[in-house]
Amino acid sequence: MKPSAAARIRKEETRERRRAAERFRRWLEDLRRRQQQADRDRRRKWLIALLLALLDSRPVQMFFPVHFAEADPPQQKRQLKPSRNSEERSETVDTRTDDERRFLYDYAPRYGEESQEVYDGLTWNDIVAYNKIHRPHLFPRFVPIPGMPARYSSEPVHVWTLLFEMQYPHARRDAIAALKFIVDPASHDWITACASLDDGWKDLKKCWMRTPDLTVYEFPRAAARWREELRRDAEEKKRDAKETPTSGPKPPGVD
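Here the working numbering is used: the first residue of the sequence shown is 4, the next is one more, and so on.
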């Protein structure tokens, strides 16, 4: 290494050490200054607290009274004299029940029906009752079906209700008879065949779909599948009868 290069390197290292020493000195001065400022702030806070305690003490109040602003007393509201009309209205008797008053004006559900609230304190039963009065076209008049069993003749019958009540022996006969009035006549023979069996109602209940319309539509399809199975069974029986040899004269020596 050349002497000039070594001297230049030593000069750079000396300059870096001076810069580092200068930065460290400035950091120490800044740290000392912040510590001194924190001490002054702490002493100032303690001094203020001491002065406040002295001002609040009774001996100092005797020589240097300090008056603090007090809050204004609350103003009393002016009581207006009720008019004659309001007195007459107050004397009238309210004929509404508690449920009507709470239901029509407070928009709150009745006690015990909080979980059934749909809108503004109304339940589904309230909405249906309101629609029966103001929207009668949504509720057509029920016309009894001639021949319907007496158990289901007083109101519109639901197909799911019939399928549900089939599991009870005392209601199974009426439910199957009523089912024939609301499904396609093409499925009556299959329903009759299922009703003749002890567990046939279980096959009828398999038509229960996710909507009433799909449930009613499933009965003709199930009847068609049943007829197809009967046709296949009849064909298999005929085929087996043809393949089975007839009883003819036996050869000698065969019993």
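Heads up, the beta-carbon is just placed ideally off N, CA and C, and yes, glycines get one too.
Go ahead and label D33 buried or exposed: buried means 16 or more other beta carbons lie within 10 angstroms of its beta carbon, across all protein chains shown. Position 30 of the sequence shown, counting from 1, holds the residue named residue 33. When all chains shown are included, D33 counts as exposed.
Quick check on F27: buried or exposed, where buried means 16 or more other Cβ atoms within 10 Å of its Cβ? As a working note, residue 27 is residue 24 in the sequence shown. F27 comes out exposed.
Thinking C-beta only, is V219 closer than 8 Å to I185? Your numbering for residue 185 matches position 182 in the sequence shown. Your numbering for residue 219 matches position 216 in the sequence shown. Yes, Cβ-Cβ distance for I185 and V219 is below 8 Å.
Could you give the first and the last residue of the continuous alpha helix (DSSP H) run that contains V131? Along the sequence shown, one-based indexing puts residue 131 at 128. If you look at V131, you'll find it in the alpha helix (DSSP H) that goes W127 to H137.
Please report the straight-line C-alpha distance between N128 and A178, rounded to a whole angstrom. Position 125 of the sequence shown, counted from the start, is the residue given in the question as residue 128. Position 175 of the sequence shown, counted from the start, is the residue given in the question as residue 178. The C-alpha of N128 lies about 27 Å from the C-alpha of A178.
Are at least three pairs of beta-carbons, each pair with one atom in the segment 115 to 128 and one in the segment 140 to 148, less than 8 Å apart? At 8 Å Cβ cutoff, the stretches do not touch.
Going by Cα to Cα distance, which pick from D192, T214, R213 and K208 is closest to A227? For this step, residue 227 is matched to residue 224 along the sequence shown. Comparing Cα-Cα distances from A227 to each of D192, T214, R213 and K208, the minimum goes to D192.
Any heavy atom of the ligand COA closer than 7 Å to the CB of V146? As presented, the structure is devoid of all ligands, the ligand COA included, so that no description of it is given.
Assign V131 to one of two classes, buried (16 or more other C-beta atoms within 10 Å of its C-beta) or exposed (fewer than that). Locating residue 131 in the sequence shown gives position 128, counting from the first residue. Residue burial is scored here from C-beta neighbours: V131 has fewer than 16 other C-beta atoms within 10 angstroms and is therefore classed as exposed.
Could you round the C-beta distance between P149 and D187 to whole angstroms and report it? I think they count as a contact, below 8 Å. Within the sequence shown, numbered from 1, the residue matching residue 149 stands at position 146. Within the sequence shown, numbered from 1, the residue matching residue 187 stands at position 184. Between P149 and D187, the beta carbon gap of about 18 Å keeps them out of contact (Cβ cut-off 8 Å).
Note the first and the last residue of the continuous alpha helix (DSSP H) segment covering I148. By one-based count along the sequence shown, residue 148 stands at place 145. Segment: none, I148 is in no alpha helix (DSSP H) and carries neither H nor E.
Mapping the DSSP letters down to three states, classify Y122 as helix, strand or coil. Translated into positions along the sequence shown, residue 122 becomes position 119. Reduced to three states, the DSSP call for Y122 is strand.
Is the segment 202 to 211 in contact with the segment 163 to 175, if contact means three or more CB pairs nearer than 8 Å? Between the segment 202 to 211 and the segment 163 to 175, the count of Cβ pairs shorter than 8 Å is three or higher; the stretches touch.
Rounded to the nearest angstrom, how far is the Cβ of A181 from that of M151, given a contact under 8 Å? In the sequence shown, residue 181 corresponds to position 178, counting from 1. In the sequence shown, residue 151 corresponds to position 148, counting from 1. Yes, A181 and M151 are in contact; Cβ-Cβ is about 6 Å, under 8 Å.
Exposed or buried, Y114, counting other C-beta atoms within 10 Å across all chains shown (16 or more means buried)? In the sequence shown, residue 114 corresponds to position 111, counting from 1. The residue in question, Y114, is exposed, as its Cβ has fewer than 16 Cβ neighbours within 10 Å.
Considering R21, what are the terminal residues of the alpha helix (DSSP H) in which it resides? Here residue 21 refers to the residue found at position 18 when the sequence shown is read from its first residue. Counted as a single uninterrupted DSSP element, the alpha helix (DSSP H) harbouring R21 occupies residues P6 to D59.
Using beta-carbon positions only, say whether W204 and R175 come within less than 8 Å of one another. Counting from 1 along the sequence shown, the entry for residue 204 is found at position 201. Counting from 1 along the sequence shown, the entry for residue 175 is found at position 172. At the C-beta level, W204 and R175 come within 8 Å of one another.
Contact defined as beta carbons within less than 8 Å: I believe A160 pairs with P215. What is the distance between those atoms, to the nearest angstrom? For the purposes of this step, residue 160 is taken as residue 157 along the sequence shown, with counting starting at 1. For the purposes of this step, residue 215 is taken as residue 212 along the sequence shown, with counting starting at 1. Strictly speaking, residue 160 in this sequence is Val, with Ala absent from that position. No, V160 and P215 are not in contact; Cβ-Cβ is about 11 Å, not under 8 Å.
Go ahead and label P112 buried or exposed: buried means 16 or more other beta carbons lie within 10 angstroms of its beta carbon, across all protein chains shown. For this step, residue 112 is matched to residue 109 along the sequence shown. Per the 10 Å Cβ criterion, buried.
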